[in-house]
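Residue 168 in our numbering sits at position 179 of the sequence shown; the count goes up by one each step and never skips. Data first, discussion second: the structure below is written as structure tokens.
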Amino acid sequence: MAEVFINYRTGDGDEAAEFLAARLSDRFGKEHVFKASHSIRPGELFPKALIDAARKSDVLLAVMGPDWGAAPQLREEGDWVRMEILAAQASGIKVVPVIKGRKTDRLDRASLPPELMWLADVHSLRLDMHESTDDLKRIGDFLADQVPTLKAADQTAEEVTASEFTDNSARDVAGNLVQGRDISGGVRSFNLRNATGPAMFGDGNTQHNLNLIAAGLKRLYGGRGRVLNSTVALFVLAMILNGLIMFGVEPALQQVMVGAVLVTIVVVDTRIHRERR
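This is the structure we're talking about:
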């Protein structure tokens, strides 16, 4: 049975209910969201299907337009909007008013029938059809926090994982192109076209690594060494670092590989010096 039950009145918020059901279905899956016009199959008993779905849901979202509280049907015992809400409440299901638009007022106890006055005290959510992105996220996040099965089915979790990678693209760049500060996650691709001027790729620690390498070379030789030799060594190591970065090697592994290259250079250079002596 669907965890989310969409309760609405035709003619007063039904388009918002349709929109909400569609977006929640996109996020959690259609099987997790009940809306009468989509969820009741041909041949099923309509009254029983509605009440059963309301009682077995985890959250009932009651979509309320500007005329919801003043609807005369709300005072009739056979009104389906009323019956669904009361069935959910009697079963201990959380009932959450979803107020349509920014201009629609919250429920007024005095305008509600006695059986539904408690709804005026329930903290509500809003759904503005003109600025729906934040409202939909807020409603979806609330449902995911309330219902474990919805959290498990939440497809936005996959989008968060995918966003750990960054795709950068730039065209017709004159001068320096700078990626500001830190990038969280890996850089999956970088596309640079028709650019003039230097372009540098790295994890932000390249200059620091080269400084450490230069200091290490100097210490290994007691502060002695030719400027040309150090320059060539640094150039080679810089090229190696750039290659590792371009091939997407993890920063931690970069450190290990550069260290191995540095040790190899020192060992070879030491042997050459010994043979010359």
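Glycine residues also receive a C-beta, built at the ideal position from the N, C-alpha and C atoms.
C-alpha gap between residue i and residue j, whole angstroms
i	j	result
VAL247	THR145	38 Å
LEU283	SER28	In this structure the chain extends from -10 to 266, so residue 283 is not present and cannot be described.
LYS37	PRO103	25 Å
LEU108	LEU125	21 Å
SER173	LYS89	Only weak support is given to the placement of SER173: the predicted model assigns it a pLDDT of 48, under 50, and the question is left unresolved by the model.
GLN243	LEU230	7 Å
ASP258	GLU264	10 Å
VAL256	MET228	20 Å
SER46	LYS24	12 Å
PHE131	VAL85	11 Å
GLY54	VAL238	55 Å
LEU223	ALA249	14 Å
ASP1	ARG12	19 Å
GLU66	ASP94	25 Å
GLN78	VAL87	16 Å
THR138	ILE254	57 Å
VAL22	SER80	18 Å
LEU251	THR122	52 Å
MET72	GLY18	26 Å
SER113	GLY129	14 Å
ALA42	ALA(-9)	7 Å
GLU20	GLY32	18 Å
VAL70	PHE236	60 Å
ALA141	LEU226	46 Å
PHE35	ASP68	14 Å
ASP56	LEU101	12 Å
Residues sharing a beta bridge with residue i, DSSP
i	result
LYS89	LEU116
ASP110	According to DSSP, which records beta bridges pairwise, ASP110 is partnered with nothing at all.
LYS83	VAL48
ASP1	ARG(-2)
Element boundaries [alpha helix (DSSP H), containing residue i]
i	result
ILE128	121 to 135
PHE(-6)	Here PHE(-6) belongs to no alpha helix (DSSP H); instead the beta strand (DSSP E) covers -7 to -4.
Element boundaries [beta strand (DSSP E), containing residue i]
i	result
VAL52	48 to 53
Supposed close pair residue i, residue j - CB separation, criterion 8 Å
i	j	result
ILE74	ALA51	6 Å
GLY58	ASP97	6 Å
ILE(-5)	ARG44	No, ILE(-5) and ARG44 are not in contact; Cβ-Cβ is about 15 Å, not under 8 Å.
LEU49	LEU116	No, LEU49 and LEU116 are not in contact; Cβ-Cβ is about 15 Å, not under 8 Å.
ARG(-2)	ALA60	6 Å
ALA5	MET106	That belief does not hold up - the Cβ atoms of ALA5 and MET106 are roughly 23 Å apart, past 8 Å.
Chain B within 7 Å of residue i, Cβ atoms only
i	result
ALA79	Within the model displayed, chain B is absent; a lone protein chain is all it includes.
| task | With a floor of 3 residues, list each beta strand (DSSP E) that falls wholly inside the stretch 17 to 78, ordered by position along the chain. | result | Entirely contained in the stretch 17 to 78, the beta strand (DSSP E) runs reaching 3 residues are, in chain order, 48 to 53.
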